[in-house]
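Enquirer: Have a look at this one.
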Amino acid sequence: MTSSVCADEWDAGDVYTCNVTHPELLFPTQVTLQKTPAHDARAPSLYVLPPPPEQVSLRESVTVTCLVTDFNPQDVLVRWLRNGEPLDPVRYVTFPPVPANQGAPGGAYVTYSALRVASEEWGAGNVFTCLVGHERLPMRLAQKSVDRNSGKAAAVNVSLVLADSAAACY
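Quick note: the sequence shown uses our numbering, first residue 1, plus one each step.
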């Protein structure tokens, strides 16, 4: 069973409780969920790295990397676009955020996402964009792009479409 909650209520720290009873359970199960407040909340820094020249020279698939650093809380969304169109998530892997300084409580987090691209796709000059969502970013989104010609990441304007699930409750 799933349930939807409003983003405003979740962000406000409202508490949600799920009670489960089933004939095969000896006892009912109860789970309570609440957004953990972030101490020292901060927006992530975003870096998009082109594939290394050694990998490109093999003329096989290459890896474009999105490095997301210094953010708190750890909840973050990473998606990839090619020429402005969303890519299927099976084409990339995004690793769970980990503390940037192991053992430092309440500190910053870091994660990265690796996108596999066919050599021909990279060589054709397609633009690959890493889109990052985080509550501390302006408009909650940031993106950076890279292509074969630039070889360098470039900041790109963000166009924002809010989904109904992120809208305020009425």
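Don't be surprised by glycine CBs; every beta carbon is placed ideally from N, CA and C.
Just so it is clear, the structure is predicted and the values come from calculations on it, not from any experiment.
Per DSSP, Glu85 forms a beta bridge with which residues?
Expert: Glu85 pairs with Arg82.
Enquirer: Classify Ala7 as helix, strand or coil using the three-state DSSP reduction.
Expert: Residue state, collapsed to three classes: helix.
Enquirer: Apply the 10 Å Cβ neighbour rule to Asn72 and answer buried if 16 or more other Cβ atoms are within range, or exposed otherwise.
Expert: Under this definition Asn72 is a buried residue.
Enquirer: In chain order, what residues of the same chain lie with their CB nearer than 7 Å to the CB of Ser3, ignoring the 5 residues before and after it?
Expert: Excluding residues within five positions, none has a Cβ falling inside 7 Å.
Enquirer: Taking one C-beta from the segment 11 to 27 and one from the segment 58 to 72 each time, how about it: are there three or more such pairs within less than 8 Å?
Expert: At 8 Å Cβ cutoff, the stretches do not touch.
Enquirer: Mark Thr94 as exposed unless 16 or more other C-beta atoms lie within 10 angstroms of its C-beta, in which case mark it buried.
Expert: Classification of Thr94: buried, given that the 10 Å Cβ count is 16 or more.
Enquirer: Would you kindly report the start and end of the unbroken alpha helix (DSSP H) that includes Gly123?
Expert: Ser119 to Gly123 is the extent of the alpha helix (DSSP H) around Gly123.
Enquirer: What does DSSP give as the partner residue(s) for Val132 in the beta ladder?
Expert: Val132 is bridged to Val78 and Ala142.
Enquirer: Look at the alpha carbon of Arg148 and the alpha carbon of Pro96, and state the distance between them as a whole number of angstroms.
Expert: Going by the C-alpha atoms only, they are around 28 Å apart.
Enquirer: For the beta strand (DSSP E) containing Val64, name the first residue and the last one.
Expert: Taken as a continuous stretch (DSSP letters only), the beta strand (DSSP E) holding Val64 covers Val62 to Phe71.
Enquirer: Among Pro50, Thr32 and Gln30, which has the Cα closest to the Cα of Val117?
Expert: Here the closest residue by C-alpha is Pro50.
Enquirer: Under three-state DSSP, which class holds Val56?
Expert: Three-state DSSP puts Val56 in a helix.
Enquirer: Between the alpha carbons of Leu77 and Pro53, how many angstroms are there, rounded?
Expert: Taking the straight line joining both Cα atoms gives about 28 Å.
Enquirer: Taking the alpha carbon of Arg99 as the point to measure from, which residue in Gln143, Val68, Ala142 and Trp10 has its own alpha carbon closest?
Expert: Here residue 99 turns out to be Pro, not Arg, going by the sequence shown. Measuring from the Cα of Pro99, the nearest candidate turns out to be Val68.
Enquirer: Could you compute how far the alpha carbon of Ala142 sits from the alpha carbon of Thr29?
Expert: Rounded to whole angstroms, Ala142 to Thr29 spans 39 Å at the Cα level.
Enquirer: Measuring only the C-alpha atoms, how far is Ala7 from Gln34?
Expert: Distance between the alpha carbons of Ala7 and Gln34 is about 12 Å.
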